[in-house]
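If you want the numbering used here, it's the position in the sequence shown, counting the first as 1, plus 18. Ideal placement from N, C-alpha and C gives every residue a C-beta, glycine not left out. Since the model is a prediction, treat every value here as computed from it, not as a measurement.
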Amino acid sequence: MPKYFALVFCVTLISACGGGADSGIGSGITLSPSSTTSPTTLSTSTPLTPTSATNTSEPTSLTDAARFLTQATFGPTLQEIEAVAQSGLPAWIDAQMHVQQSAHRAKTLAIYNADINAQEQGAEWPWNGHRYGAWMDIALHGEDQLRQRVAFALSQLFVVSDKSQLDSEHLGIATYYDGLAEYAFGNYRDLLEFVTLSPVMGVYLNMLGNEKPNAANNIRPDENFAREVMQLFTIGLDELNLDGTLKSNNGEPIPTYDIDTVKAYAHVFTGWNFYGTTAANWYDWWGNRNFRNQMILVPQYHAIEERKMLLNDVVVEPGTDGETAMQLAINSLFQHQNVAPFVSKHLIQRLVTSNPTTQYVGRVAAVFENNGNDERGDLGAVVKAILLDEEARTEPSQQANHFGKVKEPLIRGMQYMRAFGVYMPDIMQPQWTDYQHNQAPLASPSVFNFYSPDFSPVGALNDAGLVSPEMQIINDTYMVRNSNHAAWMSIWAPTIVEVDNGHDRRLTLNYEQFETILDQDVDVFIDWLDIVLMSGSMNATMRQTLRDYDTQLQQWTQPKERVRELTFMVTGSPQFAVQR
């Protein structure tokens with residue numbers, strides 16, 4: 019059978035396999051630590067047993083550690099899996115909350131400057147390739163994995179996008195992302211204020227330069243940010259119980275706000291502009307441009323005359339200055355009963371499962387309302403509660419069939435790159451990120467993110483009343499592009515030597531470390547693929563398919579090609595695309 023058709027045949031076989039871990043970790047192999055910079059060594063000593071820890075404060079199994087890191091990072095490495103299995107999950111979370119934060123703005127600027135030096139010319143300012151390269155470098159190599167994974171989840175709640183008038187403001191967008199990361203373990207109220215006063219958000223949703231009413235000049239306060247800060251950032255459209263279920267009045271949902279509420283908040287959010295703006299230069303947008311500092315109030319343009327009725331019975335009386343009015347508005351939103359379940363469910367969906375039980379949402383929302391120290395909105399406590407909840411930590415075999423989620427395309431790509439130890443040139447500019455993954459950081463098509471949290475594809479999921487948000491961007495075109503990208507990364511990517519010699523500026527993976535291992539025992543390499551890429555869930559059928567294909571490959575290829583081919587079979591499989 020020709021090589022190409024053998025590969026397609028084997029991938030088809032894998033696609034037909036079930037998703038359960040019916041064989042455990044195949045051949046009883048222990049895998050020793052690896053890193054992204056040093057070769058991986060695997061030995062045959064004590065068998066791996068895919069059991070689940072009953073106490074998350076104690077050492078846990080390798081499989082649970084791998085599942086946990088898949089939820090909490092951009093993908094586990096073997097070194098991290100073994101470290102977490104030894105330390106226990108809470109200790110890892112606590113340590114992550116004290117790791118120094120990576121800086122997207124600084125990294126974007128560094129890649130831009132390196133590009134200019136290499137080319138002896140360059141763009142007038144950083145563009146999306148520089149920022150995407152910075153994001154990818156931090157996702158792949160950053161030590162603050164949990165913070166950055168939560169920041170990515172928050173970036174899909176507090177959405178801004180370069181597919182807008184911000185298309186040339188990539189340093190500003192990177193600064194905004196750094197802010198999301200800074201508050202990832204902070205208080206939600208502080209995060210909400212940061213977002214409200216960000217010039218990036220101000221430009222994206224038209225709050226920057228928003229003016230008080232002026233009937234003579236037909237000026238009315240813009241309602242865009244006022245509407246979205248309620249609908250998308252804090253409370254949603256309908257009133258919720260603590261467990262995320264809808265409240266009702268005679269069987270009908272109860273709206274959280276009406277048009278009068280929108281108008282009231284729109285009037286509150288007037289008078290803010292770029293840092294350094296004054297009444298004299300209010301309209302000098304290009305001269306005032308400053309995306310590094312938060313917006314400031316220019317009192318002359320703030321609507322001060324009206325009485326404004328906000329949520330939670332908060333009233334802004336006439337004559338209230340703009341700063342006080344803004345603080346009252348943020349407090350009214352932050353204290354709303356919907357915020358805890360609304361935010362909690364969003365983070366659960368982005369990190370753990372698309373269809374959390376109401377009990378799971380309720381437990382996490384209760385932590386949002388009170389972290390145990392009478393503090394509301396402690397995101398660090400919320401994230402910890404999400405990842406350590408019994409629903410997140412129970413073995414998939416003991417869960418409902420629909421537990422888990424389809425991996426976001428971008429995270430799916432980062433996972434196998436991190437696993438192998440990706441090698442990135444200093445001037446790496448992955449400008450085709452959104453083409454290959456249908457997704458790029460802070461690059462959604464609208465303020466409604468890449469997909470709706472309630473999207474349910476037609477078929478079995480929809481019939482069962484279940485959602486799968488990520489499936490909204492996983493279409494036929496994406497499947498072909500992503501498969502091609504996975505094939506390129508696995509099979510045709512340049513070697514590290516080629517990149518080092520300047521022959522190729524693209525990233526590559528460190529496959530060389532596995533060639534000798536595979537040549538000696540294919541099961542050792544399959545075990546590695548299983549634990550690092552699939553959290554120990556590879557079933558017997560899939561494992562045997564990989565063995566059979568490797569037997570065919572040995573007839574015409576060297577270990578180098580065998581490593582790459584087997585990797586593609588896993589990274590291109592439906593099983594790898596699902597997180598459980």
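Identify every residue that forms a DSSP beta bridge with residue 111.
None, per the DSSP bridge assignment.
Determine the direct distance from the alpha carbon of residue 553 to that of residue 86, and round the result to whole angstroms.
Between residue 86 and residue 553, the C-alpha separation is close to 9 Å.
Could you check which residue in 205, 439, 214 has the C-alpha nearest to that of residue 292?
Here the closest residue by C-alpha is 214.
Excluding the 5 residues flanking residue 10 on each side, which residues of the same chain have their C-beta closer than 6 Å to its C-beta?
This structure cannot speak to residue 10, because the chain is shown only from 19 to 598.
Roughly how many angstroms separate the alpha carbons of residue 319 and residue 225, rounded to a whole number?
12 Å
Please classify residue 71: does DSSP put it in a helix, a strand, or coil?
For residue 71, the pLDDT reaches just 39, beneath the cut-off of 50, and the residue's location in the model is therefore unreliable, leaving the point undetermined.
Assuming residue 459 contacts residue 473 (C-beta within less than 8 Å), just tell me the rounded distance between them.
With a Cβ gap of about 20 Å, residue 459 and residue 473 do not count as contacting.
Where residue 497 falls, given that 16 or more other Cβ within 10 Å makes a residue buried
Sixteen is the threshold: since fewer than 16 other Cβ atoms of the shown chains lie within 10 Å of the Cβ of residue 497, the residue is exposed.
Measuring CA to CA, which of 111, 431, 331, 358 is closest to residue 505?
431
Helix, strand or coil at residue 327 according to DSSP, with G and I counted as helix:
strand
Which first and last residues belong to the alpha helix (DSSP H) in which residue 481 is found?
478-481
Please name the residue in 101, 532, 342 whose C-alpha comes closest to that of residue 290.
342
Return helix, strand or coil for residue 14, following the three-state DSSP convention.
Lying outside 19 to 598, the shown extent of the chain, residue 14 is not represented and no answer is given.
For residue 21, three-class secondary structure by DSSP:
Confidence in residue 21 is poor, its pLDDT being 38 and thus under 50, which makes the residue's placement too unreliable to answer from.
Residue 355 beta carbon less than 9 Å from that of residue 257:
yes
Can you name, in chain order, every residue of its own chain whose Cβ lies under 8 Å from the Cβ of residue 610, other than the five neighbours on each side?
Residue 610 cannot be examined here, being either before or after the span of the chain that is shown, 19 to 598.
Counted within 10 angstroms of its Cβ, other Cβ atoms place residue 92 as buried (16 or more) or exposed
buried
Residue range of the unbroken alpha helix (DSSP H) whose run includes residue 567:
558-571
Can residue 252 and residue 315 be called in contact, C-beta distance under 9 Å?
no
When DSSP builds the beta bridges, which residues end up paired with residue 440?
527
How many angstroms separate the CA atom of residue 368 from the CA atom of residue 171?
6 Å
Name the residue from 501, 286, 79, 530 whose alpha carbon lies nearest to the alpha carbon of residue 336.
286
How long is the line joining the alpha carbons of residue 569 and residue 503, rounded to whole angstroms?
25 Å
Just the C-alpha distance for residue 609 and residue 526, rounded to the nearest angstrom, thanks.
This structure cannot speak to residue 609, because the chain is shown only from 19 to 598.
Helix, strand or coil, according to DSSP, for residue 545 in the structure here?
helix
DSSP puts residue 597 in a beta bridge; with which residues?
In DSSP, residue 597 forms a bridge with 423.
I'd like to confirm the pairing. Which residues does DSSP put opposite residue 270 in its beta bridges?
DSSP output for residue 270 lists 267 as bridge partner(s).
Just how far apart, CA to CA, sit residue 339 and residue 284?
15 Å
Straight-line Cα distance separating residue 501 from residue 587:
10 Å
How far does the alpha helix (DSSP H) with residue 345 in it reach, from first residue to last?
Where residue 345 is concerned, the enclosing alpha helix (DSSP H) stretches over 340-352.
Let me know the alpha helix (DSSP H) ranges lying completely inside the stretch 384-412, each 4 residues or longer, listed in chain order.
397-406, 408-411
Where residue 254 and residue 558 are concerned, what is the direct C-alpha to C-alpha distance, given to the nearest angstrom?
44 Å
CA-to-CA distance, residue 271 to residue 328, given in whole angstroms:
Residue 328 and residue 271 have their alpha carbons spaced roughly 20 Å apart.
Compare the C-alpha of residue 585 against each of 538, 532, 574 and name the closest.
Shortest Cα-Cα distance from residue 585 to any of 538, 532, 574 involves 532.
Going by beta carbon distance, what residues of the same chain come within less than 7 Å of residue 49, once the five residues before and after it are set aside?
Caution is warranted here: a pLDDT of 37 is assigned to residue 49, below 50, making its placement in the model unreliable, and no coordinate value can be reported.
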